[in-house]
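In this note's numbering, the protein residues as written are 14 to 250.
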């Protein structure tokens, strides 16, 4: 089983367990009594769907906004986009799922008091998850020495890149959103967190072709070629 499927399986189990705990709130009786409640299967499914949606969507929001609207360029604009895509839209989608669940079991959400008691909790959870994702992305960048290095400082700091190896020794980079594989001329290969923009700037086609097998696969550049030093960057999907 590959890593993405393992991650999905683990997150699904966590989401189902969390959904069961939420469905058990305020219910007196055993676990079997909770399972036998009317609408329990729907609550379990909806809760798991909501949890998986939040766990997968918020990191994507951070990943997509960081290169397009960095905090250091204009924090007001970035804050607006983060608030819109990281809190408002997820909250509206969560409300849709919850309303759908109550409709299935025969209630209108405004009659249940759910919004009054739980909407603030959902917003607070989204707020702290956004902060966590931002901190995680920042710590990952600092640990891997990627975003802090510009192209003008590449030569002097190249030995600090890629776990002490020079960028000139890179043979192959396969980038799939936040997961990457890097291979070097000595045959070693390992996954690595790599910024797509960093790869475009520092790893030109001519550098790769020294090893006769260079390529950069970027989901952010599908159907769009990039010129680097007068040569077109090789893109594959």
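The C-beta atom is built at its ideal place from N, Cα and C for all residues, glycine as well.
Could you round the C-beta distance between residue 65 and residue 25 to whole angstroms and report it? I think they count as a contact, below 8 Å.
Within the chain shown, the letter at position 52 stands for residue 65. Within the chain shown, the letter at position 12 stands for residue 25. The C-beta distance from residue 65 to residue 25 rounds to 7 Å, short enough to fall under 8 Å.
Distance, Cα to Cα, residue 127 vs residue 115?
Within the chain shown, numbered from 1, the residue matching residue 127 stands at position 114. Within the chain shown, numbered from 1, the residue matching residue 115 stands at position 102. Using only the alpha carbons, I get a separation of about 10 Å.
Would a C-beta distance cut-off of 7 Å place residue 107 and residue 52 closer than the cut-off?
The residue labelled residue 107 in the question sits at position 94 within the chain shown. The residue labelled residue 52 in the question sits at position 39 within the chain shown. For residue 107 and residue 52, no; Cβs fall outside 7 Å.
Should residue 116 be counted as a contact of the ligand GDP given a C-beta to heavy atom distance under 6 Å?
The ligand GDP is absent from the structure shown, which contains no ligand whatsoever.
Give me, in chain order, the residues of the same chain whose beta-carbon lies closer than 6 Å to that of residue 72; leave out the 5 immediate sequence neighbours on both sides.
Your numbering for residue 72 matches position 59 in the chain shown. Result list for residue 72: 146, in chain order.
Find the nearest neighbour of residue 77 within the set 63, 99, 134 and 42, judged by alpha-carbon distance.
By 1-based counting over the chain shown, the position of residue 77 is 64. Residue nearest to residue 77 within the set 63, 99, 134 and 42 is 99 (criterion: CA-CA distance).
Any chance you could list the alpha helix (DSSP H) runs of at least 4 consecutive residues sitting entirely within the segment 69-97, in chain order?
Secondary structure within the segment 69-97: the alpha helix (DSSP H) runs of 4 or more consecutive residues, fully enclosed, are 88-96 (chain order).
Taking the straight line between their C-alpha atoms, what separation do you get for residue 134 and residue 43?
The residue labelled residue 134 in the question sits at position 121 within the chain shown. The residue labelled residue 43 in the question sits at position 30 within the chain shown. Here the C-alpha atom of residue 134 lies approximately 26 Å from the C-alpha atom of residue 43.
Apart from the five residues on each side of it in sequence, which residues of its chain come closer than 6 Å, Cβ to Cβ, to residue 84?
As a first step, residue 84 is located in the chain shown; it is residue number 71 there, counting from the start. The residues are 91.
Buried or exposed, going by whether 16 or more other CB atoms sit within 10 Å of the CB of residue 80?
Position 67 of the chain shown, counted from the start, is the residue given in the question as residue 80. Classification for residue 80: exposed.
Alpha-carbon to alpha-carbon, residue 88 and residue 63:
For this step, residue 63 is matched to residue 50 along the chain shown. For this step, residue 88 is matched to residue 75 along the chain shown. A direct Cα-to-Cα measurement between residue 63 and residue 88 gives close to 29 Å.
To which residues of the same chain is residue 29 closer than 7 Å at the C-beta, ignoring the five residues directly before and after it?
One-based indexing of the chain shown puts residue 29 at position 16. Counting only Cβ-Cβ distances below 7 Å, and skipping sequence neighbours, we find 57 and 61.
Rounding to the nearest angstrom, what Cα-Cα distance links residue 54 and residue 96 in this structure?
Along the chain shown, read from residue 1 onward, the residue named residue 54 stands at position 41. Along the chain shown, read from residue 1 onward, the residue named residue 96 stands at position 83. Distance between residue 54 and residue 96, taken at the CA atoms: about 32 Å.
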